[in-house]
Amino acid sequence: MEAETPKAIFLKDYKPSGWLIDEVHLDIALDPTETRVRSRLQMRPNPARTGRRGPLVLDGESLTLDRVVLDGKELSGKSFSTDDNGLRIASPPDKPFTLEIETRCNPSANKALSGLYLSKGIYCTQCEAQGFRRITYFLDRPDVLAVYTVRIEADSKAAPVLLSNGNPVERGTLDRGHRHYAIWKDPHPKPSYLFALVGGLLGAITSTFKTKSGKKVDLSIYVEPGKEERCAWAMDCLKRSMRWDEERFGREYDLDVFNIVAVSDFNMGAMENKGLNIFNDRLILASATTATDGDYFNIDRVIAHEYFHNWTGDRITCRDWFQLCLKEGLTVFRDQLYSADHRAPAVQRIYDVRMLKARQFPEDAGPLAHPVRPDRFIEINNFYTSTVYEKGAELCRMVQTLLGEKLFRKGMDLYFERHDGEAATVEDFIQCFADVSGRDFKQFMTWYSQAGTPGLVCDLKYDADKRTADLTVEQVLLPTPGQSTKKPLQIPLKLGLLGGNGNDLPLETKGPTRIENGVLEITKRKETFRFVDIPSRPVPSLLRSFSAPVNLTIALSDDDLLFLMSHDSDAFNRWQAGQDYATRLLVASVKALRKDKAPPDPSRFIEALGEVASDEMLEPALRAQTLTLPSETDLARVIAKDIDPDAIHKARNTLRRKLAQNLGARLEAIYDDMAVKEPYAPVPEQIAHRALRNSVLGLLTARGTAADVARAAHHFSSASNLTDEIAGLSALSETRGSERKAAFERFYERWHDDHIVIDHWFLYQAAIPHPGTLATVKKLARHPLMSLENPNKVRTLIGAFAANPVAFNRPDGAGYEFVAERILQIDRFNPQLAARLLTAFRSWRTLESTRRKLAEKALKGIAKSKPLSRDVYEIVTRTLE
Ligand code: 0A1
Ligand code: ZN
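Converting from the sequence shown to the numbering used here requires adding 45 to each position, the first position being numbered 1.
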């Protein structure tokens, strides 16, 4: 908690560290309340740091200091001092020296889950971004790379498993077997944020992997004893990830062992500590009855992500925290490519884009907008955002689109070769692509420094006499906080022009326009491109595969959209056309509702959707995506101001009901056709069938006849896997009868002993789109299985409630008040989690005035509370600015 107003740190102030640490020896004696840490550091002045060096300041927080020894001599109290932020040694030698420090910390008291803490009796660490300083005094910054040797000592019974980074070196017993120790050595220099340690009573599954050069690697996944059987999928994902990185990027693993540990209390999804990844257990444990297809997919994606960090993050790390996207954007891009190789690429792209638009676009359009590489922060933990991760990935993808896959790979090879073992910058990364291609990336760099989603306003004019089509493209770059004027960007616009029969016309441009593989390069604020030899008025298909993170506008008629829905050769854009049509109808319906007017007639859209849904030539996964209407949050984003969440909900639900009423027989046929007869397996074909069948189930249940509700109830109770069970529960959660209550009761009885599965029970109750949900959530907040100290539980109940547009935005403001109170409560012990929850308020200014005022009142209440963490202080002030 901060006594003074917290201060921002700026990218422009970056300076290399005055000292370097080459070697670290840690000796850690684990104890629940008094863990002793002895650290021996081989240090030297940094030759890269010119000018006066001053005192040596080591970062440290919540530590008890017992001893400081410099080159073998214990320092007296006069030669050093400590405060809340660290240890200061007044005059360190101007040559290499050894510094020994002995401290204690208290893992049981650590509810912030940063540093060393206990999760259900397991000692574990989380050091990114600045958790290492809560374990020992250190130069806790990513550009200080050292080789670590770690000795861990603990009670043999309480912590039979002792793990750290790198390779195991030695283990042994002490105190007649009551205590024991293990020594680990990591030969790869790494920054402190990649340090990890685990100690506890854990079960494990093991396997081996042979790398492409024939080296054997021992793989282990450690979990709560008794849950080993649920690790098979995670192990399979790990091996596929290891193989994939060899084949796709030529990256081989570089230690004798690779360990994964699953813990229940974790602030994020997982962490890429060198050779010892630590995971939120919901992203490891899976079985047919305890994990949904979505869970299986996320496990695969996150295991891959953390594994890929071994090269993009660990071997090459970040010079400073402003460069976070260097490892995160690139690693997300790599995990997206991996996922795309495991399912239909268009389905993966739809998934990526849905996520980007749902999470990043609202961030970029609101008070928390920041560049992919921010230039200032108060608390770095507030910048693990969708902008850094997902938009960061889009920037890497654009580099690939501009260069083509081959050159992109060449650039990546150069990056690995040139910067291995270094702490690099975004400039270093982009330079590699400039060097392999001979192209200039100067304008491209603006993507890293300029916040906000560019608008791309397009217009196509056809001239039948000249047989030309003129495409005008204008970039609309609105101001964002701290950036009032913007520069035009370099935008790869992938496109096609569809002729009368639906085929792509050859793209011939006039003049020096760059168009390669259907990609037009936009560089100016406004520009017109002429396509020649066009026999008849074409229908434009723009931004194919979502080739850039922009908001596209082009005036297309309903007929054009229907034409694209059925003919576009780009599967992504075929789906997009359906979404655009639905959005158009829904936005018009919301307007009509608020003016008491009749909504537009959706029958042509419904008919077209029916065609796509039952088109057996189309992959079921794509059909399922097409049947999923834009979410209420998507619609709010498009409407952008004076938002009435109730009207949006009503418009969307009405369209869903009409869809089911008009397409009833067809949907019922799909429901029957898509039933999976084989035993459950998380394979693409089954997943796609379940996805289509379950989205149809949702629509049919929205129709609301007794038979529809009975279908959902039967779907729920007869399910043989969690995917179907949850689909049934979710469908019933929006109905009003006794079936809903019975289903939630039954689910509770069945799963109350499983701390992961029961989260669905909390979540689906918190997500019911009704003002009464607040009362339910208040009651659930007092449920014995609920705990604000567990981040998953907070996200699943409070987070899901805050993401429920109708309930959170109750017109009386009680939803805001409830969430604001929880934020303040959580901020006392877990600032990161509190600050993340607070981002639920980020779109408050777009609400209609009554709600806007109430949200503002709740935010101001948070802002004036004392004490506030740096984390919450930063988010609340930016949100209100
Ligand atoms: N680097 C991890 C994410 C992560 C970030 C911060 C954490 O604690 C504050 C934990 C994990 C990743 O990208 O997976
Ligand atoms: Zn990551």
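Idealized CB from N, CA, C, for every residue including glycine.
Residue i beta carbon near ligand 1 (any heavy atom closer than 7 Å)
i      : result
Gly160 : no
Tyr716 : no
Gln877 : yes
His464 : no
Asn426 : yes
Tyr429 : yes
Asn155 : no
Met610 : no
Glu351 : yes
Gly563 : no
Gln171 : yes
Asn318 : no
Asn312 : yes
Ala307 : no
Ala468 : no
Ala903 : no
Ala787 : no
Ala315 : yes
Ala811 : no
Ala174 : yes
Opposing strand residues paired with residue i [DSSP bridges]
i      : result
Ile567 : Ile536
Met280 : Looking at the DSSP assignment, Met280 forms no beta bridge with any residue, so it has no partner.
Val113 : Ile146
His70  : Arg85, Thr194
Thr127 : Leu132
Pro585 : Leu542
Tyr507 : Ala514
Gln520 : Leu501
Glu561 : Val564
Lys261 : Lys255
Tyr267 : Ala249, Val306
Ser574 : According to the sequence shown, residue 574 is Phe rather than Ser. In DSSP, Phe574 forms a bridge with Leu516.
Trp64  : Pro90
Thr554 : Phe576
Asp139 : Asp139 pairs with nothing; no bridge assigned.
Simplified DSSP state of residue i, which is helix, strand or coil
i      : result
Met313 : coil
Gln488 : coil
Asn427 : helix
Glu119 : strand
Asn355 : coil
Ile732 : helix
His233 : strand
Ser614 : coil
Arg421 : strand
Val243 : strand
Gln405 : helix
Asn91  : coil
Phe55  : strand
Ile361 : strand
Gln393 : helix
Gln528 : strand
Ile599 : strand
Asp326 : helix
Ile45  : Shown here, the chain extends from 46 to 926; a query on residue 45 therefore has no answer.
Val802 : coil
Asp299 : coil
Leu101 : strand
Leu321 : strand
Leu630 : helix
Leu892 : strand
CB contact check: residue i to chain D, cutoff 8 Å
i      : result
Ala174 : This model lacks chain D altogether, as it is built from one protein chain only.
Near ligand 2, which residues have their beta-carbon closer than 5 Å to a heavy atom? Glu373, Thr376
Contiguous beta strand (DSSP E) assignments of at least 3 residues, all confined to the stretch 146-230: 160-164, 167-171, 191-200, 206-209, 212-219
Report the start-end ranges of each alpha helix (DSSP H) in the stretch 844-870 that is 4 residues or longer and not cut off at the edges. 850-853
For the stretch 435-499, which segments carrying the alpha helix (DSSP H) assignment without a break, of at least 4 residues, lie completely within its bounds, in sequence order? 437-448, 450-464, 471-482, 491-494
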